[in-house]
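For reference, the structure discussed in these notes is given below.
There are 2 protein chains.
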Amino acid sequence: MATWTLKRRSTPYRGRVVRLHVDEVLYRGRRITRENIIHPGAAAIIPICDNGDILLVRQLRYAVGKRILEIPAGTLEAGERPRNCAKRELEEETGYRPGTLRRLGMFYPVPGYSTEQITIYEATDLRPSVQHLDHDEDITLERMTQKRVRTLLRTGRIVDAKTLVALLYYFGDTL
Amino acid sequence: MATWTLKRRSTPYRGRVVRLHVDEVLYRGRRITRENIIHPGAAAIIPICDNGDILLVRQLRYAVGKRILEIPAGTLEAGERPRNCAKRELEEETGYRPGTLRRLGMFYPVPGYSTEQITIYEATDLRPSVQHLDHDEDITLERMTQKRVRTLLRTGRIVDAKTLVALLYYFGDTL
Chain S
1 MATWTLKRRS TPYRGRVVRL HVDEVLYRGR RITRENIIHP GAAAIIPICD NGDILLVRQL
61 RYAVGKRILE IPAGTLEAGE RPRNCAKREL EEETGYRPGT LRRLGMFYPV PGYSTEQITI
121 YEATDLRPSV QHLDHDEDIT LERMTQKRVR TLLRTGRIVD AKTLVALLYY FGDTL
Chain V
1001 MATWTLKRRS TPYRGRVVRL HVDEVLYRGR RITRENIIHP GAAAIIPICD NGDILLVRQL
1061 RYAVGKRILE IPAGTLEAGE RPRNCAKREL EEETGYRPGT LRRLGMFYPV PGYSTEQITI
1121 YEATDLRPSV QHLDHDEDIT LERMTQKRVR TLLRTGRIVD AKTLVALLYY FGDTL
């Protein structure tokens, strides 16, 4: 399957969460370069209230320079399983614990330059707990009807990949 | 709107396509760090044949270590507009030129750590031209009925963000 041979690797950056590999690989007799973010993976949760409302978070994102509407999500800690990460992040970001957590699927947000995979869960039977944000997170909780979410989707106001994919997986039975 | 002040920036990596910024920013009186990929943006195209079939490409992705099914896409060249990038990439990867190109929307694949935005187009009225792949691309063209694409989607065999989002935008009118 793997048709490349690693010839040389440099690691120009090691951060708190990710590191960057620049690999020279031999591929069909040619030497090519691959710039690659090594990422531990993430979990994202679409939280469904008992009446069908969806909980979203409006989050200030430094990279894109604005607040965008997202489902709760977070990066896996060392050795953490996606399901446990999903439970932890849901509670931290929304203040609810999931009575039921169902895996909807996974995806690669940028397979061209990152190893990151995001596993998506549906959370139902939500139970009130306590929200506790990281000190560098700026998050506002927004509860919306499914109709409202569909309107935002149709009018291009949901622009975050994991949120769009979660909505596809959640509403997708009708496709 | 922007509630942060940049205090210090290092650029530990400048690559062919992306560069990495590590920014120390002042945010609500605290000094926080943001690791940030600076990306020129990309365009992706869902190509629809006259009979409704969809053209996909199966592409070997080094970062995730396997071949995955995607819509044609590529990175914007310097000064290139997303629409022109979409035309160019469609022709390069599939050997078809679009008679009609319609913008479906855009999204951020990883707003937590990359500036990348991907604009998605629907291509119809396809006209045969010549495929010409980059030397480091390993791509196979696959033409599929919409029914087959829906089956692959439901069974979790489409795992690429831009492809999933394009399918949501394309089929989304039924949501």
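Residue numbers (the working numbering), protein chains in the order written: chain S, 1 to 175; chain V, 1001 to 1175. We put the CB at the ideal spot given by N, CA and C, even for glycine. Quick caveat, the model's predicted, so the values are computed rather than measured.
Boundaries (first-last residue) of the alpha helix (DSSP H) holding residue i
i      : result
T94/S  : P82 to T94
T163/S : A161 to F171
Q117/S : No alpha helix (DSSP H) holds Q117/S; DSSP gives it neither H nor E.
Q146/S : Q146 to R154
Among the options, nearest to residue i - alpha-carbon criterion
i       : options                               : result
P82/S   : I54/S, R30/S, L56/S and E116/S        : E116/S
R103/S  : V1018/V, T1155/V, I1046/V and R1034/V : T1155/V
P128/S  : Y62/S, W4/S, E93/S and L26/S          : E93/S
V1064/V : K1087/V, F1171/V, R1143/V and D1160/V : D1160/V
V1022/V : V22/S, G15/S and E24/S                : G15/S
V100/S  : G79/S, Y108/S and P47/S               : Inspection of the sequence shows that residue 100/S is occupied by Thr rather than by Val. T100/S has its Cα closest to that of P47/S, out of G79/S, Y108/S and P47/S.
C85/S   : I118/S, R28/S and K7/S                : I118/S
E122/S  : P109/S, T5/S, L152/S and R97/S        : R97/S
V1183/V : R31/S, K7/S and N36/S                 : Since the first residue shown for chain V is 1001 and the last is 1175, residue 1183/V is missing from the structure and cannot be characterised.
L26/S   : T1124/V, K1087/V and H1135/V          : H1135/V
G29/S   : L20/S, R8/S and W4/S                  : W4/S
G1105/V : S1114/V, A1166/V and K1007/V          : A1166/V
K1087/V : R1067/V, L1126/V, Q1059/V and L1056/V : L1126/V
I1158/V : E1080/V, E1137/V and I1068/V          : I1068/V
L6/S    : L164/S, R31/S and L20/S               : R31/S
C1049/V : K1162/V, E1142/V and L1153/V          : E1142/V
I1139/V : V1057/V, I1045/V, R1019/V and L1020/V : V1057/V
G41/S   : T145/S, P12/S and V110/S              : V110/S
I1054/V : E1137/V, Y1169/V, T1124/V and Q1131/V : T1124/V
M1144/V : Y1108/V, P1012/V, I1071/V and E1089/V : I1071/V
V1130/V : Y1169/V, R1150/V and E1089/V          : E1089/V
K66/S   : Y1108/V, I1045/V and V1149/V          : Y1108/V
R1150/V : Y169/S, T151/S and E137/S             : Y169/S
Y1113/V : I1045/V, L1020/V and L1152/V          : L1020/V
Per-residue burial, residue i [other beta carbons within 10 Å of its own, 16 or more giving buried]
i       : result
E1091/V : buried
S10/S   : exposed
N1051/V : exposed
T199/S  : No answer is possible for residue 199/S: it lies beyond the span of chain S, which begins at 1 and ends at 175.
M1001/V : Legend: pLDDT at M1001/V = 49, less than 50; position of this residue unreliable, value from coordinates given subsequently. M1001/V should be labelled exposed.
T1075/V : buried
H1039/V : buried
A1043/V : buried
L133/S  : exposed
K1147/V : exposed
G79/S   : exposed
Q59/S   : buried
R1008/V : exposed
Which residues DSSP lists as bridging residue i, in chain order
i       : result
G1074/V : A1043/V
Y62/S   : Answer is none; Y62/S lacks a bridge partner.
N1036/V : H1021/V
G29/S   : Per DSSP, none; premise fails for G29/S.
L126/S  : P98/S
G1105/V : I1120/V
L1141/V : V1057/V
L69/S   : R58/S
Where the beta strand (DSSP E) containing residue i begins and where it ends
i      : result
R157/S : Segment: none, R157/S is in no beta strand (DSSP E) and carries neither H nor E.
P12/S  : W4 to R14
- Message: Closer than 7 angstroms between beta carbons: that is the criterion. Which residues of the stretch 1088-1114 of chain V meet it against chain S?
- Response: G1105, M1106, F1107, Y1108, P1109, V1110, P1111, G1112, Y1113 and S1114
- Task: Could you run through the stretch 1068-1082 of chain V and flag, in chain order, every residue whose CB is less than 7 angstroms away from some CB of chain S?
- Result: I1068
- Contact set between the stretch 135-147 of chain S and chain V, restricted to residues whose Cβ is under 9 angstroms from the partner: H135, D136 and D138
- Message: Please identify, using Cβ separations under 8 angstroms, the residues of the stretch 35-53 of chain S that lie next to chain V, in order along the chain.
- Response: E35, N36 and I37
- Task: May I ask you to list, following chain order, the residues of the stretch 1007-1025 of chain V that have a beta carbon less than 8 angstroms from some beta carbon of chain S?
- Result: P1012, Y1013, G1015, R1016, V1017, V1018, L1020, V1022, D1023 and V1025
- Using Cβ-Cβ distances below 9 angstroms, what residues of the stretch 151-162 of chain S are close to chain V? L153, R154, G156, I158, V159, D160, A161 and K162
- Residues of the stretch 54-66 of chain S with a CB closer than 9 angstroms to any CB of chain V: list them in chain order, please. Q59, L60, R61, Y62, A63, V64, G65 and K66
- Item | Residues of the stretch 118-130 of chain S whose Cβ lies closer than 9 angstroms to any Cβ of chain V, in chain order | I118
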